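Residue 1119 is where the sequence shown ends in this note's numbering, and the numbering goes up by one at each step. Where is the CB? At the ideal position from N, CA and C, for every residue including glycine. All values reported here derive from a predicted model rather than from experimental measurement. Okay, structure first, notes after.
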Amino acid sequence: MLNNITDCEEGEGGPNSQGDGNPKESSPFINSSAASDAEKSQQYDGKNMALFEEEMDTSPMVSSLLSSLANYSNLPTGSKEHEEEEYNEEGARPSKKPVKAPQLGTLMGVYLPCIQNIFGVILFLRMTWMVGVGGVLGSFIIVFMCCSTTMLTAISMSAIATNGVVPAGGSYYMISRSLGPEFGGAVGICFYLGTTFAGAMYILGCIEILLIYIIPQAAIFQIEGLEGPEAEAALLNNMRVYGTIVLSFMSLVVFVGVKYVNKLALVFLACVILSILSVYAGVIKTAIDPPVFPVCLLGNRTLLSKGYDVCAKVIEIDNETVTTKLWMSFCDSESLNATCDEYFINNNVTEIQGIPGVMSGILAENLFGNYLEKGVILEKRGLVSDVDPDSPTISSNRYVLADISSFFTLLVGIYFPSVTGIMAGSNRSGDLRDAQKSIPIGTIAAITTTSTVYISSVVLFGACIEGVVLRDKFGEGVSGNLVIGTLAWPSPWVIVIGSFFSTCGAGLQSLTGAPRLLQAISRDGIIPFLRVFGHGKENGEPTWALLLTVSICEIGILIASLDSVAPILSMFFLMCYMFVNLACALQTLLRTPNWRPRFKFYHWALSFLGMSLCLSLMFICSWYYAIIAMGIATCIYKYIEFRGAEKEWGDGIRGISLSAARFALMRLEEGPPHTKNWRPQILVLLSVDAEQNVEQPRLLSLANQLKAGKGLTIVGTAVHGTFLDNHTEAQRADQSLRKLMETEKVKGFSQVVISSNLRDGTSHLIQLGGLGGLKHNTVMVSWPRNWKQPEFHQQFRNFIEVVRETTVASLALLVPKNISSYPSNGERFTEGHIDVWWIVHDGGMLMLLPFLLRQHKVWRKCKMRIFTVAQIDDNSIQMKKDLITFLYHLRIEAEVEVVEMLEGDISAYTYEKTLVMEQRSQILKQMHLTKNEKEREIQSITDSSRGSIRRKHPSKLRSQHSTEEGTSLAEKPEEEVQLIHSKNASTPTSPTSPTSPTSPTSPAGGAATWTDNKGADKGRNLLAGNQESGRDLFNMKPEWEHLNQTDVRRMHTAMRLNEVITKKSKEAKLVLLNMPGPPKNRVGNENYMEFLEVLTEGLNRVLLVRGGGREVITIYS
3 MLNNITDCEE GEGGPNSQGD GNPKESSPFI NSSAASDAEK SQQYDGKNMA
53 LFEEEMDTSP MVSSLLSSLA NYSNLPTGSK EHEEEEYNEE GARPSKKPVK
103 APQLGTLMGV YLPCIQNIFG VILFLRMTWM VGVGGVLGSF IIVFMCCSTT
153 MLTAISMSAI ATNGVVPAGG SYYMISRSLG PEFGGAVGIC FYLGTTFAGA
203 MYILGCIEIL LIYIIPQAAI FQIEGLEGPE AEAALLNNMR VYGTIVLSFM
253 SLVVFVGVKY VNKLALVFLA CVILSILSVY AGVIKTAIDP PVFPVCLLGN
303 RTLLSKGYDV CAKVIEIDNE TVTTKLWMSF CDSESLNATC DEYFINNNVT
353 EIQGIPGVMS GILAENLFGN YLEKGVILEK RGLVSDVDPD SPTISSNRYV
403 LADISSFFTL LVGIYFPSVT GIMAGSNRSG DLRDAQKSIP IGTIAAITTT
453 STVYISSVVL FGACIEGVVL RDKFGEGVSG NLVIGTLAWP SPWVIVIGSF
503 FSTCGAGLQS LTGAPRLLQA ISRDGIIPFL RVFGHGKENG EPTWALLLTV
553 SICEIGILIA SLDSVAPILS MFFLMCYMFV NLACALQTLL RTPNWRPRFK
603 FYHWALSFLG MSLCLSLMFI CSWYYAIIAM GIATCIYKYI EFRGAEKEWG
653 DGIRGISLSA ARFALMRLEE GPPHTKNWRP QILVLLSVDA EQNVEQPRLL
703 SLANQLKAGK GLTIVGTAVH GTFLDNHTEA QRADQSLRKL METEKVKGFS
753 QVVISSNLRD GTSHLIQLGG LGGLKHNTVM VSWPRNWKQP EFHQQFRNFI
803 EVVRETTVAS LALLVPKNIS SYPSNGERFT EGHIDVWWIV HDGGMLMLLP
853 FLLRQHKVWR KCKMRIFTVA QIDDNSIQMK KDLITFLYHL RIEAEVEVVE
903 MLEGDISAYT YEKTLVMEQR SQILKQMHLT KNEKEREIQS ITDSSRGSIR
953 RKHPSKLRSQ HSTEEGTSLA EKPEEEVQLI HSKNASTPTS PTSPTSPTSP
1003 TSPAGGAATW TDNKGADKGR NLLAGNQESG RDLFNMKPEW EHLNQTDVRR
1053 MHTAMRLNEV ITKKSKEAKL VLLNMPGPPK NRVGNENYME FLEVLTEGLN
1103 RVLLVRGGGR EVITIYS
């Protein structure tokens, strides 16, 4: 069946290939070998193609393309290996024997192989029994349902097979390339298992014919004299022993050479056709002269033919009444006055014709079903018998009994394997002269022929054969003849011998095809643990795959019952056919540009109908087998998804993913997510070194711990340069990001932008990351290391610009400090705390983040503590009660502590630290600002701030007269005002400069800034008090008087908060802290960094958090 599976595409690019790193299918048309410049010029010289010389590496001439297409051929399995072997043997001989092109047409290549594989053991051994038990009507429904399923599947398969060149590989190739490697691998394994169990079924059928109808004496475990379970066990043991022997012999034949199997194929096919013709000839003969096959009945019960010599109780010999062998079966002696079975005494013995003939009218009696329980005696309808319901049945071994309990669904499961085999033509696609023409015509013609034979057989069997004979599975009432053989002409032996050889041939074909299918799957590399079965002999024969196939086939042999094995392989074949229909329906509905089948007589509705029939038949046959088969396919699918090789085959599932993604994105555009559905969709900003390696890999570890594989993660970086000149560097950076994401198990997307300015590149990532409604709402960026050193001056300026842009864009911001000390994904904290310092309300980010972190195994054992700061006017006891209640409604477990931070005097150390900070800031500016940057900075400095800043070259500033910037203010929560103690206007206030008026304008999104107009009067009074107390207490030095008092207060707040946080959270595993907003103008950049540095000084792991301006956590369900 499947002896023409080829190696699937290796998909390995050349040394100069660039792409996403995933294997692709290699084109059979384009010669990718590089030519020298001389060859190029010679090839195009004189052909008026000089204009296209530069494209020769990637774009061949049309003549070359057409030549490659004309010479393309599909080689069966082993052809390439044979070629290479011949070449190696010949050494450096200039020529080698050409491989013969495929020459098989529709008849020999598709039609006859399908006929041979469809007709099989079920037709000869179980068809008559099915008609007798299920009735003509029930059997017709079963046959029509199964044949309709295969016809619809053949239509879908024809559409797929004619949609381009189908390399040898048949159904597996079609499904995997249409539905992707996951579905392809799962269904391919199911098809392989079905083919393997089919081999077991054919072998069991072969043994059944041999031991029951040809040589019953050959039984190792004797059945004579046994009855009931003992006789059944002896029969099954004989099947197991002989089945193993035959399986070993067939495996040896397949191992020695497939060519012998192929040569015998025509002989086996001739046996099948001859057997069927003999049945039709017998049917015609019954209309003229019905054969004599008497059946003996006692009352209405069918008697075993071996239990009597004459169908009578007594006979007359020389005017003397003599008892017969039948009398001895039911009586205790030969005498006429012996004690006999009551039923035997009360009922007469009659003899009826087993084959009354097509004109007898027996069809009406066989029209309806007669389902039997196991052990029930076969009885003829219409005959009345005298039976005492209270008397037990004795001598039951003299009657023909039902060997199994029968019902409609059982008949479906047993019959369906007789319509499988429709893939035989597609499996030989590598040998076909024109596969796109031959596969549809040959397959559909074969199914039409076999369906006609099956349906006519149902009617003819019911019209020609007596019902009790039809229900006699093993012909025990007709002298042990094969029931279908009793109908055959000229002799029952035609059917017996023909069916024996046909089952042998079908078994050999299964053992030939199944290993090649497994080899094709293994060589595809989609299931890693099966790769060993891709190896074989030097000529490509799948030795290891054959060994596994024989082992699985032996499982079916050990089951030993044909009726038990048939439903198993029905499941696997039905699942395969179901996915063939699904593949065709998806390709049709998705309207992929490459879907252009030559076969036009298909429709997606027919494919869905076929798929529904397959699924229905699976559960009709056996619901538990169906669940097991689907479970196996699901496990294989998930295994390939997580562990298998990534393949890009342009499959339909990718098309579904694109359509579903587009639909989901359009739905997300309808509005922002509800607070209950909000989760951090993170854009992780990384930096790469000169070798395009990631500098902060632990950022991805933190992102993974925060996300736990859920939601969106975009990992982005910027590369300095231009797109034309630095595209290769960008690709290397992208590969570094992907590799790191795979290592850290971060599920998301990588994005690299190339910009002449890294600051602009980062800005582009923040603005353009994501697509539609699937955009990031949170930005994670690392704290700039060594920012105080002059060479890293630009780095921290870029960092502050990121903070500003996220504020304007209403994005949340996460800034982990000391990122190298954060735990990796493999570490575990067995104890410790995650401390949250909730200073200002940020929409609940500080509450949500530790909850998400604790979902990950790294932080699971850590407990959560929440600290909040109470001012002098706050009731700290009430604050704690309110916070506990708030956390209870949020369903968050955490310890709560309120820290009282009273107003205190500003220490001399604070003044000195502020002075050093401002002096360093001005030195850094003078050292690193370009001329244009100096002009921009000078223009941004207000008149009032110039008096408090000491410059090295004050003469340069006198010539510049900048206008005072507008002091647009953001309205802040009162808590944030208390945090930063900035209650004056944006113009810095000092003892020597008056407070300037402010405007009420606020930036978009209500982002935090260093200035706030809310409570300005209160701030001025507080400032005056601080100034007076400072002068009185410290007797201020002259240089302190010129300090920006706003910076002094900010430094004071940072130091006080740091002192409290360090005291409470020194040993915490992680500290989460509100991140103050950046200065609105760029004068205070350096000071802002200094304030954050002082705020977090002495803490090991700090995560600075800045909300996005919306609520992210709610108490409502």
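Per the DSSP calculation, residue 106 is bridged to which residue(s)?
DSSP lists 434 as partners of residue 106.
Given a cut-off of 8 Å on the beta-carbon distance, is the pair residue 429 and residue 388 in contact?
Cβ atoms of residue 429 and residue 388: not closer than 8 Å.
Would you call residue 778 buried or exposed, if buried means 16 or more other Cβ atoms sit within 10 Å of its Cβ?
It counts as buried.
Take every Cβ of the segment 598-610, pair it with every Cβ of the segment 540-550, and state whether three or more of those distances are shorter than 8 Å.
Touching, no.
Thinking just about the alpha-carbon of each residue, which of 609, 231, 218 is nearest to the one in residue 376?
Of the listed residues, the one whose Cα sits closest to residue 376 is 231.
With DSSP as the reference, label residue 1113 as helix, strand or coil.
Of the three classes helix, strand and coil, the one that applies to residue 1113 here is coil, per DSSP.
At the level of alpha carbons, what is the spacing between residue 512 and residue 735?
Taking the straight line joining both Cα atoms gives about 51 Å.
If you drop the 5 nearest sequence neighbours on each side, which residues of the same chain put their C-beta closer than 8 Å to that of residue 856?
836, 862, 864, 866, listed in sequence order.
With the cut-off set at 8 Å, would you say residue 771 and residue 685 are in Cβ contact?
Yes, they are a contact pair.
Are the CB atoms of residue 185 and residue 574 within a distance shorter than 8 Å?
Taking 8 Å as the Cβ cut-off, residue 574 and residue 185 do not qualify as a contacting pair.
Taking DSSP as the reference, what is the three-state secondary structure of residue 321?
In this structure, residue 321 counts as coil in the three-state DSSP scheme.
Based on the DSSP output, what are the partners of residue 521 in its beta bridges?
Beta-bridge pairing links residue 521 to no other residue.
Are residue 523 and residue 190 touching if we call contact CB-CB under 8 Å?
Cβ atoms of residue 523 and residue 190: closer than 8 Å.
Using three-state DSSP, classify residue 1010 as helix, strand or coil.
Legend: pLDDT at residue 1010 = 36, less than 50; position of this residue unreliable, value from coordinates given subsequently. Three-state result, residue 1010: coil.
For residue 196, which residues from the same chain have a beta carbon less than 6 Å from its beta carbon, with the 5 sequence-adjacent residues on both sides left out?
For residue 196, where only same-chain residues beyond five positions count, the Cβ hits under 6 Å are 571, 574, 575.
With 16 as the cutoff for other CB atoms within 10 Å, does residue 645 come out buried or exposed?
By the 10 Å Cβ count, residue 645 comes out exposed.
Strictly by DSSP, which residues pair up with residue 718?
687, 753, per the DSSP bridge assignment.
What residue range is occupied by the uninterrupted alpha helix (DSSP H) comprising residue 155?
Run containing residue 155: 129-163, per the alpha helix (DSSP H) assignment.
Restricting to Cα atoms, I'd like to know which of 846, 877, 854, 876 is closest to residue 888.
Measuring from the Cα of residue 888, the nearest candidate turns out to be 846.
Reducing DSSP to helix, strand and coil, say where residue 990 ends up.
Only weak support exists for where residue 990 lies, its pLDDT of 36 falling under 50; the value from the coordinates is given anyway. Residue state, collapsed to three classes: coil.
Where does residue 213 fall in DSSP's three states?
Residue 213: helix per DSSP, three-state reduction.
Which runs of the beta strand (DSSP E) spanning at least 3 residues fall entirely within the segment 822-861, listed in chain order?
As far as the segment 822-861 is concerned, its whole beta strand (DSSP E) runs of at least 3 residues are 835-840.
I'd like the span of the beta strand (DSSP E) that includes residue 759, first residue to last.
Counting along the chain, residue 759 falls outside any beta strand (DSSP E), and DSSP gives it neither H nor E.
Reducing DSSP to helix, strand and coil, say where residue 183 ends up.
Correct three-state label for residue 183: helix.
In terms of alpha-carbon separation, which member of 801, 381, 414, 466 lies closest to residue 306?
Measuring from the Cα of residue 306, the nearest candidate turns out to be 381.
Alpha carbon to alpha carbon, what distance is there between residue 147 and residue 297?
Computed Cα separation, rounded: 33 Å.
Since residue 879 is in the alpha helix (DSSP H), which residue starts that stretch and which ends it?
Per DSSP, residue 879 belongs to the alpha helix (DSSP H) from 878-892.
Looking at C-alpha atoms only, which residue of 603, 370, 391 is the closest neighbour of residue 383?
Among 603, 370, 391, the Cα nearest to that of residue 383 is on 370.
From the DSSP secondary-structure annotation, give me the bridge partner or partners of residue 342.
333, per the DSSP bridge assignment.
Just the C-alpha distance for residue 539 and residue 258, rounded to the nearest angstrom, thanks.
Cα to Cα, residue 539 sits roughly 11 Å from residue 258.
Residue 165: which of 1072, 441, 280 sits nearest, CA to CA?
Out of 1072, 441, 280, 441 has the C-alpha closest to the C-alpha of residue 165.
Specify, as a first and last residue, the run of the beta strand (DSSP E) that residue 818 falls within.
Note, residue 818: beta strand (DSSP E), 814-819.
Per DSSP, what kind of secondary structure is residue 326 in: helix, strand or coil?
Coil.
For the segment 115-122 against the segment 406-413, are there 3 or more C-beta pairs whose distance is under 8 Å?
The answer is no - the segment 406-413 does not touch the segment 115-122, with fewer than three Cβ pairs under 8 Å.
In three-state terms, what does DSSP make of residue 791?
Reduced to three states, the DSSP call for residue 791 is coil.
Just the Cα atoms here: how many angstroms apart are residue 343 and residue 332?
Rounded to the nearest angstrom, the two C-alpha atoms are 6 Å apart.
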